[in-house]
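Asker: Residue numbers for the sequence shown, in our numbering: 573 to 744.
Heads up, the beta-carbon is just placed ideally off N, CA and C, and yes, glycines get one too.
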Amino acid sequence: MGRAKMPRVRQTTWLDVLADLPPHVESTGCDMGPTDLLIVAAGFEERAQAILRSEWWPHPRETVIVEYPTNYEDNLTTKAAFEAASKSTTILHYSKMSFVDKCRSIFIERAGLPDHRIVVDISGMSSYVFFTIMGTLVRFCEGARVTVFYAEAEEYFPTEAEMEGLRVELGG
């Protein structure tokens, strides 16, 4: 009987982990081109409409607009802008209890379509909407080409000046 080999211990970096992942995700740069489906959120921030003004407007055949139950009046402008710029729109009302099922029912029609081009604009999207949408796309739209678009906010709140004022006020 031979001697047992001792395990090799080494430090693992994020690059090592990424290199070992299966090739489900491929970075292709910013090539949106003609798009079958655009998924956006009817957010109220200026960046929620950034894709409309960008050189990368994907000219989608269909746009799914996620509508939040809060800030309804504020979100109407963004919703109207996407409806005017899109050939066809579907409104996806966010509800914690039914959002996963709603996403599944909309995206299941697109499952199995090879090279279906989908753009997800996460600029005005909350994390809980983003993770649900991306998880549903991964499960039900295998073979689709998904591009993620993000426009950074011009200013984040609270601002640094507001934080500094609070720090001074609290005696810090």
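Between which two residues does the beta strand (DSSP E) harbouring Ile663 extend?
Answerer: Reading the sequence shown from its first residue, position 91 is the one you call residue 663. Residues 661 to 665.
Asker: Taking the straight line between their C-alpha atoms, what separation do you get for Glu732 and Glu645?
Answerer: For this step, residue 732 is matched to residue 160 along the sequence shown. For this step, residue 645 is matched to residue 73 along the sequence shown. Going by the C-alpha atoms only, they are around 28 Å apart.
Asker: Going by the CB atoms, is the gap between Glu639 and His665 shorter than 8 Å?
Answerer: Counting from one through the sequence shown, the residue named residue 665 turns up at place 93. Counting from one through the sequence shown, the residue named residue 639 turns up at place 67. Yes, they are a contact pair.
Asker: Please name the residue, chosen from His688, Leu609, Met735, Ser695, that lies closest to Ile663 on a Cα-to-Cα basis.
Answerer: Translated into the one-based positions of the sequence shown, residue 663 becomes position 91. The candidate whose alpha carbon is nearest that of Ile663 is Leu609.
Asker: Less than 6 Å between C-beta atoms, sequence neighbours within five positions excluded: which residues of the same chain meet that for Ala716?
Answerer: The residue labelled residue 716 in the question sits at position 144 within the sequence shown. Answer for Ala716: His688, Ile690, listed in chain order.
Asker: Quick check on Leu610: does DSSP put it in helix, strand or coil?
Answerer: For this step, residue 610 is matched to residue 38 along the sequence shown. Leu610 falls in the strand class under three-state DSSP.
Asker: Who are Glu639's beta bridge partners in DSSP?
Answerer: Looking up residue 639 in the sequence shown gives position 67. His665, per the DSSP bridge assignment.
Asker: Just reading off the beta strand (DSSP E) that Ile678 is part of, what are its end residues?
Answerer: On the sequence shown, residue 678 is found 106 positions in, with the first residue counted as 1. It is not in any beta strand (DSSP E) - Ile678 instead sits in the alpha helix (DSSP H) that spans 671 to 679.
Asker: Figure out for me which residue from Arg619, Met669, Phe729, Pro606 has the closest Cα to the Cα of Thr635.
Answerer: Translated into the one-based positions of the sequence shown, residue 635 becomes position 63. Ranking Arg619, Met669, Phe729, Pro606 by Cα distance to Thr635 puts Pro606 first.
Asker: Are the CB atoms of Val612 and Phe654 nearer to each other than 8 Å?
Answerer: Within the sequence shown, residue 612 is the residue found at index 40, counting from 1. Within the sequence shown, residue 654 is the residue found at index 82, counting from 1. For Val612 and Phe654, yes; Cβs fall inside 8 Å.
Asker: Would you please state the rounded distance, in angstroms, between the beta carbons of Ser695 and Ile623? I believe it to be under 8 Å.
Answerer: The sequence position of residue 695 within the sequence shown is 123, counting from 1. The sequence position of residue 623 within the sequence shown is 51, counting from 1. Confirmed, Cβ separation roughly 7 Å.
Asker: Work out the CA separation of Val720 and Val692 for me, nearest whole Å.
Answerer: Numbered from its first residue, the sequence shown carries residue 692 at position 120. Numbered from its first residue, the sequence shown carries residue 720 at position 148. When rounded, the distance between both Cα atoms is 5 Å.
Asker: Rank Glu724, Pro641, Arg625 by C-alpha distance to the C-alpha of Val701 and give the top, closest one.
Answerer: The residue given as residue 701 occupies position 129 in the sequence shown. Selected option, being the one with the closest Cα: Pro641.
Asker: Grab the span of the alpha helix (DSSP H) containing Thr650 for me, first residue to last.
Answerer: In the sequence shown, the residue the question calls residue 650 occupies position 78. Note, Thr650: alpha helix (DSSP H), 644 to 657.
Asker: Kindly identify the DSSP beta-bridge partner or partners of Pro632.
Answerer: The sequence position of residue 632 within the sequence shown is 60, counting from 1. DSSP, once it has assigned bridges, lists Thr607 as partnering Pro632.
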